[in-house]
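Here is the structure we will look at.
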Amino acid sequence: MSMEIFLHNNRGVLLAYDQGLEHGPTDLDEHNFDPAFIMELAAAGRFNGVVFQKGLAEKYYDRRVPLILKVNGKTSLVKGEPVARQICSVKRASELGAKAIGYTIYAGSAHESIMLEEFGRIQEEAHNLGMAAIAWVYPRGEAIKNDTAPEIVAYAARTGLEVGADAVKIKYTGDVESFKWAVRCAGKAKVFMSGGPKAPTEADFLKQVRGALDAGAAGLAVGRNVWQSPDPLKMARALHRLVIENCSVEEALRS
Amino acid sequence: MSMEIFLHNNRGVLLAYDQGLEHGPTDLDEHNFDPAFIMELAAAGRFNGVVFQKGLAEKYYDRRVPLILKVNGKTSLVKGEPVARQICSVKRASELGAKAIGYTIYAGSAHESIMLEEFGRIQEEAHNLGMAAIAWVYPRGEAIKNDTAPEIVAYAARTGLEVGADAVKIKYTGDVESFKWAVRCAGKAKVFMSGGPKAPTEADFLKQVRGALDAGAAGLAVGRNVWQSPDPLKMARALHRLVIENCSVEEALRS
Amino acid sequence: MSMEIFLHNNRGVLLAYDQGLEHGPTDLDEHNFDPAFIMELAAAGRFNGVVFQKGLAEKYYDRRVPLILKVNGKTSLVKGEPVARQICSVKRASELGAKAIGYTIYAGSAHESIMLEEFGRIQEEAHNLGMAAIAWVYPRGEAIKNDTAPEIVAYAARTGLEVGADAVKIKYTGDVESFKWAVRCAGKAKVFMSGGPKAPTEADFLKQVRGALDAGAAGLAVGRNVWQSPDPLKMARALHRLVIENCSVEEALRS
Amino acid sequence: MSMEIFLHNNRGVLLAYDQGLEHGPTDLDEHNFDPAFIMELAAAGRFNGVVFQKGLAEKYYDRRVPLILKVNGKTSLVKGEPVARQICSVKRASELGAKAIGYTIYAGSAHESIMLEEFGRIQEEAHNLGMAAIAWVYPRGEAIKNDTAPEIVAYAARTGLEVGADAVKIKYTGDVESFKWAVRCAGKAKVFMSGGPKAPTEADFLKQVRGALDAGAAGLAVGRNVWQSPDPLKMARALHRLVIENCSVEEALRS
Amino acid sequence: MSMEIFLHNNRGVLLAYDQGLEHGPTDLDEHNFDPAFIMELAAAGRFNGVVFQKGLAEKYYDRRVPLILKVNGKTSLVKGEPVARQICSVKRASELGAKAIGYTIYAGSAHESIMLEEFGRIQEEAHNLGMAAIAWVYPRGEAIKNDTAPEIVAYAARTGLEVGADAVKIKYTGDVESFKWAVRCAGKAKVFMSGGPKAPTEADFLKQVRGALDAGAAGLAVGRNVWQSPDPLKMARALHRLVIENCSVEEALRS
């Protein structure tokens, strides 16, 4: 039940690619629409893990990079209080070679209890099969006004710890101090910053990552800021330098 | 878990006949109301597969053409956000000789999560029994304004790929370029154009199919444009020529 | 999985007695309130089957007439979109001696999907235990304006066929021609006319039955028009003559 | 599956004590709050059965009087359409020594179908373990205007019979004639009058019971009219005389 | 199924630390955010039990103090009628060393029936594995105006007893007399006062506890009034003196 396989120097950069289901092709272009392109990028970019839904894992995953199988999901076409239920069994995730399962919990949604219950069951099944359980904790729904407010992000982090996540993926609060509190609230659960939408410049993005690391994060799970980049491998190198080798933003940008 | 059995020259024409449940007898006439007529047509028309609900498969299917058993469904009498749940077990589908199961996902419906979850489970069961899983992905519900808009169709295609469909049945967008994007978004999942309602002329319909093929589709699943035709076998021959032999619309119409 | 046991000359008259749950004692009088009276009537009236809920079967069924165990039901006290869930297991139905299970599907109800799913499962269980599955398909709910409109009745019939019913119980449309279409839409599923509320005269009722038979129905399932009759056995004889011996209404009335 | 163990001279007086959950301590006083007091009363008062929820049975039941384990329940704090789900397994009820399970069905509630389904399953489990199944059938919810109206009480009685209850607990209609109809509608299911809230005088209450017996009831399930009485044992004796020994109200009051 | 392990002199002080999920980090400060700090405090403060969610138990629990594993929970981000479903299996709770499971029932919530049913199942599983079942009974939802009103607290206590809790955690009513009634209504279920939010002074809090003990409570489950205290160990000592050694508030404050 260890996150070790996804870490190098106790840090990790995970390549997220569940946006095809979550956001749809609007996020994709003529290169990155192709999961084979992403699989290559994951390997060539020395990512510590790659995140796929079941369909992509079955048809494209080649085991060169540790797999996190995202076992729930939804389209962005649905309106109303968000809910995403299990769409891949833990057993199948294991058969596909996953070393961890990923699961999104929309904390604050009117359907929160469905997801907390389902994660609780899945986490145990994953641990029984020797896989880690990573929670994407996203406060969302009518009741959530600002999902990057420090107290909301810290609550998300803590929720992950309490319900048994080995790692928690949360949004960045915008500054080191407040994110440090979120990291502390996550306790022994590793914190991965959520990459989020494409930042205006590479430096902007790397500064956020640097902030998260300085606050104690183990790394990040990043998609669009890599594979929407004009030079994804360059971005991958910069992130590797920044996160794994613990460089400054300036050093990372030079790589 | 291969679609091979439904393909010839890597192409396939599937005869859809689940309209009796989905739309009701309003789609049927004195010939095509009879599933035995359809079974004959499937064989004589050299279709690569035939789509039946459980009741029809039990009482009419004679194994001359590979079977796709549609395992969920609903009537069109129900209003509100659409949902169709499993009404045939995967085990029974297999016993009836099916080589694939079909399942409709109403992406964007308030009940989407029910169908994604159910498809997830059914897809695994089908694969475990050596059957392919084909997703009818139909964006529908309050939130969907235009279900043939290019970005919506591409999202449908991608949803099928992400959740593990071996093939996805989607509506045509109306032009080759935009449908090409949908096909690319479906990745290694085969794309079958949805035949849709009877087109004004045969040429109109065949042009759509030609467009889908030119965009990279593996074929189509067609019902009304064949069995509502005054000469269904002639239409079947035209489709065979167009899809399997890769002819032009003009050549196909001459067959 | 045959309906044979319920047929004579390929026709059948089934004695329905699930009204105690569905409508309540308002349908009952000092004779017919008693299930023992009905059991006697079923035998003496040479009915081809008798329909009971589990409670009646357990306490009154004596195996002289083939049993159809109605495995779902609801009271008429509930308002809103109708739903009736399983209240008798298929295994118990079999232990009680049933040769078929009966199940009501409220097509068009907002809860339709619950019943289609449940019927799908129950039909398979029944077949596995050698029992037939009979669907009461009743279009009902906000969306249904007229449940005897020809296209609605034909849709009900077809729904039964598609979901795997061995026989379907539907309302009469009012004329032979339109009911013929419904019967054809039911395909190899046997059609039983629903007896409905007590008709003004015996002749009125028998004419409806004659119409259904002329349209191709296998028979009818009748309750109130028999056991609310001043002479139920006479009515039973008339129906036997009309349905099994294929007499005219006039001949039947003379019996 | 017999009610025999709860009957003497084919009659029974059951001591109901599920009010602690259903109504809360507002029904209780300094004596009757204590389940041990009730257990003593059940034995000393020669009751034919005692009704407990699981928690009371586990901590207070001593097997001197046959146990009816109430396996569903709710608090009265909840508003809206009533629903009470299973809170004790049938297996545990049996382990605790129960000879019957009790289950409340709120007929007419928007959630009726949940309870009918659950009772259907529980009834079979109980029978399989040799226990009787007793239904508390209480028409309730928006749709029910008057739950002691004769046709409503008769419907409740019939519902119990139809769904397989061995005995049904229903409210008194207020007069012998109309209750007689309810009893007849219950058929071979034993009818137990529901004791209801404390009556103004003992005679008032005993007259109701006498009416129920004269109408054919097997007895009653009584709580408050006994254990809220200033002399519960006296009331128990009166009921024993009235019900088991079939005395008049006057004779019973003299006991 | 005994609470004995959590009691000393038939009294117990339980250290509650499920607030991280229930209320979020807003309850936490730079010391008490750390579950390791709490684990130390539980041991050093001679608590009779410690309450953790699964995630904390997996990562921090060291078996020095008996564990109560809280098996359901929710965030405070969700609005509307409260519901908390199971997020830790009873089996896993047992594997983690728990001697009891804790479960919150929001009595009066529109979702009450979900929690009563779930608790019913979990209680049996826990007993089968030799663990006690402790119910946090919190009347809450639209229908509850004042959750410390004496009749509401007594109803909560009684609900715990009726559904089979070995112990019930309830709020203090504010005075000894009314809480005594709640304790009596809980019968053989042990009553633990809920510590609640930080009281203005230590004396204020201890007086409440003293009141609960004088009313017959077995002790309390306390979180914030200990670990938000400037000197948690001092508070722990005071509680030990007050509860276990049965001292007066004044004596306890001197410790």
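Those protein sequences? They're chains A, B, C, D and E, same order as listed.
Counting from -6, one number per residue, gives the positions in the first sequence under this note's numbering.
Counting from -6, one number per residue, gives the positions in the second sequence under this note's numbering.
Counting from -6, one number per residue, gives the positions in the third sequence under this note's numbering.
Counting from -6, one number per residue, gives the positions in the fourth sequence under this note's numbering.
Counting from -6, one number per residue, gives the positions in the fifth sequence under this note's numbering.
C-beta atoms are modelled at their ideal positions from N, C-alpha and C, and glycine is treated no differently.
Here the structure is a predicted model, which means the values were calculated and not measured.
Same chain only: Cβ atoms within 8 Å of residue i, ignoring 5 sequence neighbours per side
i: L246/E; result: E195, A196, L199 and A231
i: A29/D; result: Y53
i: A192/E; result: F198, Q201 and N218
Collapsed DSSP secondary structure at residue i in the structure displayed
i: L122/D; result: coil
i: Y10/B; result: coil
i: K92/E; result: strand
i: L213/B; result: strand
i: K80/D; result: In the sequence under discussion, the amino acid at residue 80/D is Ile, which differs from the Lys named in the question. Note: I80/D maps to coil in three-state DSSP.
i: N65/B; result: strand
i: T97/C; result: strand
i: A192/E; result: coil
Cβ-based burial, residue i [other Cβ within 10 Å; buried from 16]
i: K67/A; result: buried
i: E117/D; result: buried
i: D55/D; result: exposed
i: S187/C; result: buried
i: A149/A; result: buried
i: T19/D; result: exposed
i: S268/C; result: Lying outside -6 to 248, the shown extent of chain C, residue 268/C is not represented and no answer is given.
i: N2/A; result: exposed
i: P223/B; result: exposed
i: D22/A; result: exposed
i: H24/B; result: exposed
i: G153/E; result: buried
i: K162/D; result: buried
i: E110/E; result: buried
i: N139/D; result: exposed
i: E123/C; result: The amino acid at residue 123/C is misidentified as Glu; the sequence shows Gly. Counting Cβ neighbours within 10 Å, G123/C comes out exposed, since fewer than 16 surround it.
i: G48/C; result: buried
i: G180/C; result: buried
Closest Cα partner of residue i within the set the options
i: A9/E; options: R234/E, P223/E, E105/E and G42/E; result: G42/E
i: R85/B; options: H120/C, N65/C and S87/C; result: H120/C
i: L60/C; options: G5/C, V219/C and P190/C; result: G5/C
i: Y165/A; options: E33/A, A182/A, K138/A and R203/A; result: R203/A
i: V83/C; options: S248/C, A126/C and C240/C; result: A126/C
i: N218/D; options: P190/D, Q201/D, F26/D and S87/D; result: P190/D
i: C240/E; options: S222/E, D207/E, L226/E and W220/E; result: D207/E
i: Y92/E; options: V71/E, A50/E and V130/E; result: It should be pointed out that residue 92/E corresponds to Lys in this sequence rather than to Tyr. The residue with the shortest Cα to Cα distance from K92/E is A50/E.
i: V184/B; options: R78/B, S171/B and G212/B; result: G212/B
i: R39/A; options: E243/A, V242/A and R234/A; result: R234/A
i: R151/E; options: K173/D, K181/D, S69/D and V130/D; result: S69/D
i: L14/B; options: A147/C, M32/C and F(-1)/C; result: A147/C
i: I31/E; options: S248/E, G216/E and D159/E; result: G216/E
i: G229/E; options: W174/E, I137/E, C81/E and A36/E; result: Reading off the sequence shown, one finds Ala at residue 229/E, where the question assumed Gly. Of W174/E, I137/E, C81/E and A36/E, the residue nearest in Cα terms is A36/E.
i: A100/A; options: E88/A, V130/A and S87/A; result: V130/A
i: V176/A; options: K227/A, V58/A, A210/A and W220/A; result: A210/A
Same chain, Cβ closer than 7 Å to residue i, five either side skipped, listed in chain order
i: F112/A; result: Y96, I98, A128 and V156
i: G90/C; result: Y54, R56 and L60
i: A182/A; result: G153, L154, A158, D159, A160 and V161
Same chain, Cβ closer than 6 Å to residue i, neighbours up to 5 away in sequence not counted
i: E74/D; result: S102, A103, H104 and G134
i: D11/A; result: V44, Q46 and K63
i: I145/D; result: P132
Going residue by residue through the stretch 12 to 63 of chain A, where are the continuous alpha helix (DSSP H) segments of at least 4 residues, counting only ones entirely within it?
12 to 15, 28 to 37 and 47 to 53
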